[in-house]
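Residue numbers (the numbering used here), protein chains in the order written: chain A, 4 to 308; chain B, 34 to 390. From the three backbone atoms N, C-alpha and C, an ideal C-beta is built for every residue, glycine too. Since the structure is predicted, the reported quantities are computational estimates derived from the model, not experimental observations. These notes are about the structure you will find just below.
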């Protein structure tokens, strides 16, 4: 075994240096991601009061309360991703096509700037902005748009708005990256061949940004699936989320075994749902291709390639 | 096929005036070439015809119809862009079908037209390939097919061959020319390459640096009877000699120039000249004959000696110092002259073109 590793390292030294350069990152990933994950997985197979391997922790994840929390997280994740997409796609288009080249980086930087602040601080700023003696609330009240009894906090819409505020860079950057790589000449060619702006959008811009949308969607759903601070502080904490389950098990109940099971169960659910959506989208495109012409490349839709 | 008329077109980009009150008539069914140096505004003319840019003032007519205000996607005018114009996410087939798909044609019609077009431009077997995997010539054919399949009234070419190597360029040009003869679609082709222009054009418009059209005529006319110094220079190598008109009759002008006394044929169609006018005489180097002995039958005879020689394949480039002192460039397929040889320089009256100074 040791000999084999030595052989591999020697070989890689001879063949390409890249493997060696990647080693720090690989070692980091193994030590701080893979090994802890394995430890957690191992613990998830035992209950707190017995030493026999069991799936009892996973079975209890399917209970009504847990299932509801995971469902809430799923809804939150997909609503956030959808809202981010609806916000970022037009934004990326505007930045790329309507803002002068010299100003684009500045605009992007300006949009990213809030992310340099601590996450919790940003959410608290929103909290202070929105609460009943907050600035926004008072301005709206002053304008007569809000009744005395109403509140800006503790509702789903505001939760999603703040979620988008927190996570849109993950969607914007990959989409913008794709769009900025589109040669403006092919958009002219599209118009020249008789396509209206809408047709150009559907047939050229969207297919060429699908990879960015895909990776943005993936990242936003994954990070927002684990989110619980925003719904807690902004959404009024009326519902429990996957993140709450994890925190409760680890920090309140000190049941690391059950907590681990919750983690893996949640990951399984979100990955399965993403795969399901991907398959459904592909099927939809296939069915659609019988009625409208859809580029070959989209039929072989593959976000990774 | 339809004619295109540009009437008093002006266009500025910011402070920079690109076109100033330009008018041009492009005949239906011909191969029209706009020739000019880079940055002369020829691309702007093309984009105005395509509808990709709007003129600040003036009108664009397609046939008799005023299309100045029509957006690009409504015009029955298509453009063959430089190579980068293909859709990278679509196959060759889909690229060619694009215009028909957005036009909403039934599927069978699209397949039939695209397949026929693929045969015409010689792309069989490449239908499922993506642009990134094609060669320069193939990309050019796809771009051509994509526009041709739309059966436009007018087809525009935006320096399409500039990225191809010389041999391939020549082959593609001949393909283009054959297509044009077969289809009779009006082709408007812009280029800065005079060889391309002379090869394919029925009519050439030569533009100068200021975006002004200096001459519109058949290639032979433009080459042999340039109307200005700029045209004479731009369309090929030329000797330009300053001089004064000494005497003038119906057919011949006597000139006193930097290389001695010359006679020039007076072209009935050209400018009205007067005795005493300062002019430039232009003589194409390949219209000049060199010899050791004096030859008869030429209107102009000079003495000189060979100053330098450059070999360039089909002919030799001789620099001949005339007895007066000014040197002439001469293309001669007789390779036997050597540096220092005393020679006679001959050319006909009608090869001396008078140009306004």
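For residue 189(A), at least one C-beta of chain B is nearer than 8 Å to its own C-beta.
The three-state secondary structure of residue 248(B), taken from DSSP, is strand. Annotation: the segment 95-151 of chain B contains the following complete segments of the alpha helix (DSSP H) (minimum length 4 residues), in chain order: 125-136. Under the three-state reduction of DSSP, residue 239(B) is assigned to strand. CA-to-CA, the gap between residue 249(A) and residue 170(A) works out to about 21 Å.
At a cut-off of 4 residues, the continuous stretches assigned as alpha helix (DSSP H) that sit fully inside the segment 18-90 of chain A are 21-32, 38-47 and 59-64.
Ranked by Cα distance from residue 386(B), the first of 349(B), 370(B), 274(B) and 339(B) is 274(B). In the same chain as residue 281(B), and ignoring 5 residues on each side of it, the C-beta atoms closer than 8 Å to its own belong to 287, 299, 306, 307 and 308, in chain order.
The C-beta of residue 192(A) comes closer than 8 Å to at least one C-beta of chain B.
Residue environment: residue 220(A) is assigned as buried (16 or more neighbouring CB atoms within 10 Å of its CB, all protein chains considered).
Residue 357(B) and residue 319(B) have their C-alpha atoms some 21 Å from each other. The Cβ atoms of residue 121(B) and residue 185(B) lie no closer than 8 Å to each other. Annotation for residue 25(A): no residue places its beta carbon closer than 8 Å to its own, counting only its chain and skipping 5 residues before and after. Residue pairing from DSSP places residue 365(B) in a beta bridge opposite 349(B). For residue 202(A), the C-beta contacts it makes with chain B under 8 Å involve 135, in order along the chain. Cβ contact annotation for residue 54(B) (same chain, cutoff 6 Å, sequence separation greater than five): 41 and 43, in chain order.
Of all residues in the segment 145-174 of chain B, none has a C-beta nearer than 7 Å to a C-beta of chain A.
In the same chain as residue 94(A), and ignoring 5 residues on each side of it, the C-beta atoms closer than 7 Å to its own belong to 175, in chain order. Restricting attention to 144(B), 127(B) and 265(B), the CA atom closest to the CA of residue 161(B) is found in 127(B). In this structure, the straight-line span from the alpha carbon of residue 112(B) to that of residue 158(B) is close to 25 Å. For residue 383(B), the secondary structure class from DSSP, reduced to helix, strand or coil, is helix. Residue-level contact check: residue 136(A) does not touch chain B, since none of the beta carbons of chain B fall below 8 Å from its beta carbon. In this chain, residue 191(A) is not harboured by any beta strand (DSSP E); it is covered by the alpha helix (DSSP H) spanning 187-195. At a cut-off of 4 residues, the continuous stretches assigned as alpha helix (DSSP H) that sit fully inside the segment 152-190 of chain A are 159-183. The segment 258-266 of chain B and the segment 231-249 of chain B touch, with no fewer than 3 CB-CB distances between them shorter than 8 Å. Excluding sequence positions up to five before and after residue 222(A), its CB lies within less than 7 Å of the CB of 173, all in the same chain and listed in chain order. With its beta carbon less than 8 Å from one in chain B, residue 199(A) belongs to the interface. The beta-carbon separation of residue 157(A) and residue 285(A), rounded to 39 Å, does not stay under the 8 Å limit for a contact.
If you draw a straight line from the Cα of residue 10(A) to the Cα of residue 32(A), it comes to about 22 Å.
Not a single C-beta of chain B is nearer than 8 Å to the C-beta of residue 56(A). Contact residues of the segment 118-133 of chain B toward chain A are 118, 119, 120, 121, 122, 123, 124, 126, 127, 130, 131, 132 and 133 (C-beta to C-beta distance below 9 Å). Residue 89(A) is outside the set of residues whose beta carbon lies under 8 Å from a beta carbon in chain B. A check of alpha carbon separations from residue 52(B) across 345(B), 243(B), 373(B) and 359(B) identifies 243(B) as the nearest.
Between residue 337(B) and residue 347(B), the beta carbon gap of about 23 Å keeps them out of contact (Cβ cut-off 8 Å).
Uninterrupted beta strand (DSSP E) stretches at least 3 residues long and entirely within the segment 212-255 of chain A do not occur.
An exposed status is given to residue 280(A), since fewer than 16 other beta-carbon atoms sit within 10 Å of its beta-carbon.
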